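In this text, residue positions in the sequence shown follow our numbering: the first is 745, and each later residue adds one.
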Amino acid sequence: MQLEVGPHLPEYGSILALEIYEDEATHEFFILPRYDNKEVTFAGHEHDALCPFAHFESLVLDFLSYRPSEQARAKH
């Protein structure tokens with residue numbers, strides 16, 4: 745999901761929590777990602793951990809539509 749947490753593998757018991765907030769004035773939704781209880785950011789939205797839902801949704805759709813290349817599949 746393109747979280748900005750650095751190049752490492754999560755340790756056993758690591759937690760990724762996605763908090764959902766709604767702006768009461770505009771009724772827009774925002775996602776606040778926490779990795780091991782620390783606020784982190786999404787790629788393309790590094791300036792603020794509180795990310796508009798539309799940006800989060802586009803990252804998730806990209807992730808779900810990923811297909812390995814023919815070359816990568818041929819190796820397995």
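No residue lacks a Cβ here, since even glycine has one placed at the ideal position from N, Cα and C.
In this text the structure is predicted, and so the values were computed from the model without any measurement.
Query raised in the report: Based on the DSSP output, what are the partners of Y765 in its beta bridges?
Result: For the purposes of this step, residue 765 is identified with residue 21 of the sequence shown, where counting begins at 1. Note: Y765 sits in a beta bridge opposite F774.
Query raised in the report: So is I775 buried or exposed if we call it buried at 16+ other beta carbons inside 10 Å?
Result: Numbered from its first residue, the sequence shown carries residue 775 at position 31. Flag for I775 reads buried.
Query raised in the report: What are the uninterrupted segments assigned as alpha helix (DSSP H) that are 4 or more residues long and contained completely in the region 781-810, given in chain order?
Result: Taking only runs of at least 4 residues, the alpha helix (DSSP H) segments lying wholly in the region 781-810 are 797-808.
Requested in this report: Could you confirm whether any beta carbon from chain B is found closer than 7 angstroms to the beta carbon of L753?
Outcome: Absence of chain B from the displayed structure is noted, only one protein chain being present.
Requested in this report: Using 10 angstroms around the beta-carbon of P777, count the other beta-carbons present and answer buried if the total reaches 16, otherwise exposed.
Outcome: Here residue 777 is taken as the residue at index 33 of the sequence shown, counted from 1. When all chains shown are included, P777 counts as buried.
Query raised in the report: If we call anything under 7 angstroms between Cβ atoms a contact, is T785 one with A798?
Result: For the purposes of this step, residue 785 is taken as the residue at position 41 of the sequence shown. For the purposes of this step, residue 798 is taken as the residue at position 54 of the sequence shown. Result no, Cβ atoms of T785 and A798 do not sit closer than 7 angstroms.
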